[in-house]
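Numbering-wise, the sequence shown is residues 0 to 600 according to numbering that gives the first Met the number 0. Virtual Cβ for every residue (Gly too), placed ideally from N, Cα, C. Reviewing the structure listed below.
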Amino acid sequence: MHKVVQKKGSIHVKLHFNLNHVRLRNKMLIVYVFSVFLPIVLTNVIFYNVTTNNVKNQRMKDISRAVDQINNEFRSEVEDAVTISSVFYTDYNLNEILETDYKEPAAYVEAYDTYFRRILNSYTPVYTSIQNIKIFVENPTMLHSGGIGFLSDEMKQTDWYKLLQKKNSAYPIFIRTQQEDFLKSDGNPVRNTFSIIREMNYFESKNNWKKYLKIDLKTSTIEQIFQNQNLQGNIYLVNDNGQIEFTTDPAVDWRMESIDYDAMEFPTDAIAFQANYSYVSYLENWRIIGTISEEEVLKSVRQSREFVIVLAFLNIFIPTAIILWITRSLNMRLIQILRHMKKVKNQHFDTIKAGEYRDEIGQLTSEFNRMTIQVKSLIDDVYIADIQTKTLELERRKAQLNALQSQINPHFLFNALETIRMRSLIKDEAETAKIIHNMAKIFRTSLTWGKDRVMVSEEVEFIICFLEIQKYRFEDRMVYEINIDPSAKGCMVPKMMFLPFVENASIHGIEPLKHGGLIQVKVERAEEELIFSITDNGIGMDEEKVQTLYRYLDSEEELGERIGVQNVIYRLKLIYGDRFQILIQSSPGQGTFIQVKVPVE
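See below:
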């Protein structure tokens, strides 16, 4: 909407918008768009995004737990083998059997059957993950079979033997090895299992014979551990050199070759989950890494997309149908009434032919018909006389209204307060007279808004009047101090800019205290800024209340019915924009400090 105003040869266009100029149908459309359509669309979008994030986070946690479970189960199987190696490592009788120089094979067989066979066979049935236990020795008098192997030059060329010599440690090592007699097509052994290797040097060797314990794990058990049903992806076991020692990835032949994990190429949406063995000496720097595509993580969300779309459609369609139904009921009948009103304007007094309805529009229709009949009757009979009578009645009511308004004169109240003050002085009630005088000054100031700026000295005078009234109420329970920088007294500030803060300190800070308190008001000038500050030792405010006051600074609402601190902040924003500052420091039981900085004027 716009209005064109011509003034002395120039044309000014005054733009303004009034909802009353918008047709009812368009108003209902606005209500529908902003109260139904947009909220439902935004709600469903937000619901979908939140659901997606929640499902994704939960799925990520489930996958992480699955990787940790694989990590713990694999470590448990390896620890079983390490436990068995520790028993063999510290077995004195076994060491004696391995160190004995047998003169004839029968003596070794007897020792083997008496002790070694029994302890060898006692672990394999219990620990189902153990594939084979074998001790490699340099003792030439022992028969190399049934868990005993000869440490030949060929055996010394194996990876596990070289690694043991390199580390030279009493602790066991974990390594991928080959099963005996399991060869590739080219005759080379296939590294298709994992073993715990340990040098048996717990007891001092009599003959300087080397002894090495090799415990092989079942590959099927390891594969069963890594085939976790909760992880719809691939699992990689990576050694301390970054090479893949085992994987469920069918594209990687881990038995035939060693591949660096960092050299692998993964899809761009792949997500990796990693579990480390940081505190296990024989698995130090080994890692279990699980990879899964993001699409797999969000698969369940994708499945529920259709449900969200159907739900959104129903949420939009049903309210839309109801609103259209109601709008048509309102709009059609209002248009009918408007059409007949235009006929009345042209002296056609036709009534609306419609059923009697009990809603407001139906009542309006009935009243319109009754009014139309009455107007036609009045025009025909007593139109002029009635108009004269109504004119006189309006004049009489206007005179009564003016008489009532003239009675409400603020000067009457000021004069009444001044009369009471004078009578108090005559009766030597100086304190009462002083309080009435302060009340009159505050009342006169609050009602006189033609002067919206006052000097700092005048603002402080209002504050003193208020504090004197409060001191009269509280007697000795309230004490106040006011310090004013002389250079600030003549500066101009918005009227009653700081008084509401003083009022809050008195009523909400000091009044609840049984023993009373102290209010300190300070006004100073720092170059081009006026600094008003107030400190009280009252009950203070919690953090929520302080943040509520700060939120008034960002609020864009209009003034409306607000009073007090909200009113002050609104007026300061209106006058100074962003050139003023407010600092609030308070905590329960510790009092309150408020500081307001405004530019010097």
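(request) Tell me whether the beta-carbon of LYS55 lies closer than 8 Å to the beta-carbon of LEU230. (result) No; because the gap between Cβ atoms is not below 8 Å, this pair is not in contact.
(request) Using only alpha-carbon positions, find the residue among GLN565, ASN70, VAL108 and ILE291 that is nearest to THR267. (result) Per the Cα distances, ILE291.
(request) Take GLN362 and list the residues in its own chain whose beta-carbon comes closer than 7 Å to its own, dropping the five residues that flank it on each side. (result) Contacts found: none.
(request) Please state whether DSSP places ASP259 in a helix, a strand or coil. (result) Strand, per DSSP.
(request) May I have the straight-line CA-CA distance separating THR192 from LYS213, to the nearest angstrom? (result) Each residue's CA atom was taken as its position, placing THR192 and LYS213 some 12 Å apart.
(message) Once DSSP output is grouped into helix, strand and coil, what is the label at GLY361?
(response) Reduced to three states, the DSSP call for GLY361 is helix.
(request) To the nearest angstrom, report how far apart ILE593 and PHE36 are at their CA atoms. (result) Distance from the CA of ILE593 to the CA of PHE36, rounded to the nearest whole angstrom, comes to 45 Å.
(request) Could you tell me the boundaries of the alpha helix (DSSP H) in which SER65 lies? (result) The sequence given here places Ala at residue 65; Ser does not occur at that position. Here the alpha helix (DSSP H) through ALA65 covers 37-88.
(message) By the DSSP assignment, the beta strand (DSSP E) with LYS488 in it spans what residues?
(response) Taken as a continuous stretch (DSSP letters only), LYS488 belongs to no beta strand (DSSP E), as it is neither H nor E.
(message) Given a cut-off of 8 Å on the beta-carbon distance, is the pair GLN226 and THR246 in contact?
(response) Against a cut-off of 8 Å, the Cβ pair of THR246 and GLN226 comes out as no contact.
(message) Rounded to whole angstroms, what is the Cα-Cα separation between VAL279 and ILE196?
(response) C-alpha separation (whole angstroms): 15 Å.
(request) Express the C-alpha separation of ALA169 and SER204 in angstroms, rounding to a whole number. (result) Approximately 14 Å between the Cα atoms of the pair.
(message) Just to confirm before moving on: does the CB-CB distance between VAL520 and VAL492 stay below 8 Å?
(response) Judged by beta-carbon spacing, VAL492 lies beyond the 8 Å limit of VAL520, meaning their Cβ atoms are not closer than that value.
(message) Along the chain, where does the alpha helix (DSSP H) containing ARG22 start, and where does it finish?
(response) Secondary structure note for ARG22: it is in no alpha helix (DSSP H), with a DSSP letter that is neither H nor E.
(message) On a Cα-Cα basis, can you pick out the residue from ILE132, TYR356, MET495 and ARG476 that is closest to HIS514?
(response) For HIS514, the nearest C-alpha among the options comes from ARG476.
(message) Short of 6 Å in beta carbon distance, which residues of its chain neighbour GLU600, apart from the five on each side in sequence? Order them along the chain.
(response) Answer for GLU600: MET491, listed in chain order.
(request) Please specify which runs of the alpha helix (DSSP H), each continuous and at least 4 residues long, are wholly inside the stretch 87-173, giving them in chain order. (result) Complete alpha helix (DSSP H) runs here, min 4: 91-98, 104-110, 116-122 and 158-166.
(request) Within the same chain, show all residues whose beta-carbon is closer than 6 Å to that of ILE322, passing over the 5 residues directly before and after it, in chain order. (result) Excluding its 5 nearest sequence neighbours in each direction, ILE322 has C-beta neighbours in its own chain below 6 Å: TYR31, listed in chain order.
(message) Considering Cα atoms alone, identify which of VAL455, ARG332, THR371 and VAL343 is closest to ASP358.
(response) Nearest of VAL455, ARG332, THR371 and VAL343 to ASP358, Cα basis: ARG332.
(request) In the DSSP assignment, find the unbroken alpha helix (DSSP H) run with ILE568 in it and report its ends. (result) According to the DSSP assignment, ILE568 belongs to the alpha helix (DSSP H) that extends over 564-575.
(message) Taking its Cβ as the centre, do 16 or more other Cβ atoms sit within 10 Å of GLN469, making it buried, or is it exposed?
(response) Its Cβ being crowded by 16 or more others within 10 Å, GLN469 is buried.
(request) Report, in whole angstroms, the separation of the C-beta atoms of SER194 and ILE221, which I expect to be a contact under 8 Å. (result) With 8 Å as the limit, SER194 and ILE221 do not qualify as a contact, their Cβ atoms being about 12 Å apart.
(message) Spatial neighbours of LEU282 within its chain, please: C-beta separation below 8 Å, excluding the five flanking residues on both sides.
(response) Result list for LEU282: ARG74, VAL77, PHE173 and TYR276, in chain order.
(message) Restricting to Cα atoms, I'd like to know which of LYS375, PHE531 and SER257 is closest to ALA487.
(response) Cα-wise, what sits closest to ALA487 is PHE531.
(message) Check whether the stretch 541-549 and the stretch 576-591 are in contact - that is, three or more C-beta pairs closer than 8 Å.
(response) At 8 Å Cβ cutoff, the stretches touch.
(message) When you compare the stretch 82-102 with the stretch 125-140, are there three or more beta-carbon pairs, one atom per stretch, that lie closer than 8 Å?
(response) Segments in contact, yes.
(message) Which of the three DSSP states is assigned to ASP248 in this structure?
(response) Annotated three-state conformation of ASP248 is coil, per DSSP.
(message) Please report the straight-line C-alpha distance between VAL459 and LYS544, rounded to a whole angstrom.
(response) Cα-Cα distance, rounded: 27 Å.
(message) Quick check: what's the CA-CA separation for ALA320 versus PHE33?
(response) Straight-line Cα distance between these residues: approximately 16 Å.
(request) Please name the residue, chosen from GLN565, VAL455 and ILE518, that lies closest to PRO619 on a Cα-to-Cα basis. (result) Given a span of 0 to 600 for the chain in the structure shown, any question on residue 619 remains unanswerable.
(message) Quick check on GLY537: buried or exposed, where buried means 16 or more other Cβ atoms within 10 Å of its Cβ?
(response) Label assigned to GLY537: buried.
(request) Can you tell me the Cβ-Cβ gap for TYR260 and ILE234, rounded? I've got them flagged as a contact below 8 Å. (result) About 12 Å separates the two Cβ atoms, so there is no contact after all.
(message) Can you give me the C-alpha to C-alpha distance between ASN629 and THR350, rounded to a whole angstrom?
(response) Since the first and last residues shown for the chain are 0 and 600, residue 629 lies out of range.
(message) Quick check on SER505: buried or exposed, where buried means 16 or more other Cβ atoms within 10 Å of its Cβ?
(response) Burial state of SER505 is buried, judged by a 10 Å Cβ sphere holding 16 or more other Cβ atoms.
(request) Could you please give the first and the last residue of the uninterrupted alpha helix (DSSP H) stretch that includes ARG550? (result) DSSP places ARG550 in the uninterrupted alpha helix (DSSP H) bounded by 542-553.
(message) Am I right that GLU295 and GLY232 are in contact with their C-beta atoms under 8 Å? What's the rounded C-beta distance?
(response) With 8 Å as the limit, GLU295 and GLY232 qualify as a contact, their Cβ atoms being about 7 Å apart.
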